[in-house]
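Peer 1: My structure is below; once you've seen it, I'll send some questions.
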Amino acid sequence: MHDGAVATYIPQLARQDPSLWGMSICTIDGQRVSYGDYKYNFCIQSVAKAFNYSIVASDLGAETVHSYVGYEPSGRLFNEICLDSNGKPHNPMINSGAIIVTSLIKKGMSMADRFDFVLHQYRKLAGGEHIGFDNATFLSERDSADRNYALSYYMKENGCFPTGTKSLREELDLYFQLCSLETNCDTLAVMAATLANGGTYFLPQY
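In this note's numbering, the protein residues as written are 16 to 221.
Next comes the structure, spelled out in structure tokens:
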């Protein structure tokens with residue numbers, strides 16, 4: 016497969032090898048199959064949005080989450096500076112919604128404890144399989160984040176963040192850190208199957 020191109024909006028991602036290709040499937044009854052470079056670790060980037068949303072919805076309840084973020088597709092670019100007709104991000108899977116979802120994660124904790132909480136939840140979803148962190152990608156993403164800063168200040172102006180949100184820099188740092196978690200296709204397939212199984216890990220542990 017030679018179609019497509021690596022992402023270039025974050026400098027560190029632009030350096031990735033475009034020849035890598037991998038695929039993994041894991042069913043909720045434990046069947047697993049993988050092809051290609053499925054053990055190669057990479058930053059999960061926007062894949063984190065789905066897991067972060069599930070973690071926050073489980074912790075606070077979907078009703079609370081959706082008092083801040085909508086349900087509907089935006090019909091716009093993933094990073095467009097816009098809100099829905101209710102003055103909220105359209106959904107948790109675009110940047111604006113994902114940043115708000117991140118701001119809801121364990122607000123009473125320190126930044127370090129909030130990161131550790133999410134990392135622990137990811138590792139539970141993965142059944143203890145590898146979940147790492149790529150600091151170089153985090154730093155690269157933070158240094159090229161003008162759009163996300165503009166989006167966040169726009170949302171702050173419109174009162175989108177939960178009460179008590181103090182530092183947009185801290186919230187965005189956590190958002191970038193979670194996007195910079197790394198794993199591989201094999202482990203992501205297990206995590207997806209765990210979500211499909213209602214959030215309960217299902218594979219035998221030895």
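From the three backbone atoms N, C-alpha and C, an ideal C-beta is built for every residue, glycine too.
All figures in this text were calculated on a predicted structure; none of them were measured in a lab.
Note down, in chain order, each residue of its chain lying with its Cβ closer than 7 Å to the Cβ of V48, except the 5 sequence neighbours on either side.
Peer 2: So the list reads I40, once near-sequence residues are dropped.
Peer 1: Just mark T105 as buried or exposed, buried being the case when its beta carbon has 16 or more other beta carbons within 10 Å.
Peer 2: According to the sequence provided, residue 105 is His. The question's Thr does not apply to it. Result: buried.
Peer 1: Looking only at DSSP bridge pairs, what is S49 linked to?
Peer 2: The partner list for S49 (beta bridge, DSSP) reads S39.
Peer 1: Is it buried or exposed, M206, if we count other Cβ atoms within 10 angstroms and call 16 or more buried?
Peer 2: It is buried - the Cβ of M206 has at least 16 other Cβ atoms within 10 Å.
Peer 1: Does the distance from the CB of T215 to the CB of T209 come in under 8 Å?
Peer 2: Contact flag set, yes.
Peer 1: If you check the beta carbons only, do C175 and I109 fall under 8 Å apart?
Peer 2: The answer is no: Cβ separation not under 8 Å.
Peer 1: Name the two residues that bound the continuous alpha helix (DSSP H) containing E156.
Peer 2: E156 -> alpha helix (DSSP H) spans 150-158.
Peer 1: Can you say whether G85 is buried or exposed, counting buried as having 16 or more other CB atoms within 10 angstroms of its CB?
Peer 2: Classification of G85: buried, given that the 10 Å Cβ count is 16 or more.
Peer 1: Please return the same chain residues whose Cβ sits closer than 6 Å to the Cβ of Y190, not counting the five positions on each side in sequence.
Peer 2: These residues qualify, in order along the chain: I114, T117.
Peer 1: In the DSSP assignment, what residue or residues form a beta bridge with E87?
Peer 2: Answer is none; E87 lacks a bridge partner.
Peer 1: Taking all protein chains shown into account, do 16 or more other C-beta atoms lie within 10 angstroms of the C-beta of F93, making it buried, or fewer, making it exposed?
Peer 2: So F93 ends up on the exposed side.
Peer 1: Unbroken alpha helix (DSSP H) runs of length 4 or more, entirely within the region 107-176: which are they?
Peer 2: Whole alpha helix (DSSP H) segments, 4+ residues: 110-118, 126-140, 150-158, 161-172.
Peer 1: Between which two residues does the alpha helix (DSSP H) containing T202 stretch?
Peer 2: Here the alpha helix (DSSP H) through T202 covers 200-211.
Peer 1: Quick test of your reading: L28 and A22, contact by CB under 8 Å. State the CB separation rounded to the nearest angstrom.
Peer 2: Indeed, because the Cβ distance is near 4 Å, the residues count as touching under 8 Å.
Peer 1: When the distance is taken between beta carbons, is S182 closer than 8 Å to F153?
Peer 2: No.
Peer 1: Give the DSSP-derived three-state secondary structure of L218 in the structure shown.
Peer 2: Correct three-state label for L218: coil.
Peer 1: Flag this pair as touching only if the region 120-139 and the region 155-170 have three or more C-beta atom pairs under 8 Å; answer yes or no.
Peer 2: No: the two stretches stay apart, fewer than three of their Cβ pairs being nearer than 8 Å.
Peer 1: Name the DSSP beta bridge partners of L196, please?
Peer 2: Its beta-bridge partners are F148.
Peer 1: So, using beta-carbon positions, are S89 and M170 closer together than 8 Å?
Peer 2: No; because the gap between Cβ atoms is not below 8 Å, this pair is not in contact.
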